[in-house]
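Numbering (full-length UniProt numbering), first residue to last: 1 to 48.
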């Protein structure tokens with residue numbers, strides 16, 4: 001698996017679709033959970 005790839009989406013969906021079992025050492029998540037806020041604006045201003 002290549003290193004330093006940003007997967008953008010629902011974390012459970014991304015893990016199930018793209019990440020093989022037993023290949024992750026650490027996942028760190030730090031959003032304010034269940035806040036009903038839309039944080040997509042952080043990425044909306046970037047051009048990929």
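For every residue, glycine included, the Cβ atom is placed at its ideal position computed from N, Cα and C.
Between residue 26 and residue 11, is the Cβ-Cβ spacing less than 8 angstroms? Taking the chain shown and counting its residues from 1, the one referred to as residue 26 is at position 26. Taking the chain shown and counting its residues from 1, the one referred to as residue 11 is at position 11. No, the Cβ-Cβ distance between residue 26 and residue 11 is not below 8 angstroms.
**Asked** Where does the unbroken alpha helix (DSSP H) through residue 14 begin, and where does it stop?
**Response** In the chain shown, the residue the question calls residue 14 occupies position 14. Per DSSP, residue 14 belongs to the alpha helix (DSSP H) from 11 to 18.
- Item | Rounded straight-line distance, which links the Cα of residue 35 to that of residue 19 | Taking the first residue of the chain shown as position 1, residue 19 is located at position 19. Taking the first residue of the chain shown as position 1, residue 35 is located at position 35. Going from the Cα of residue 19 to the Cα of residue 35 covers about 27 angstroms.
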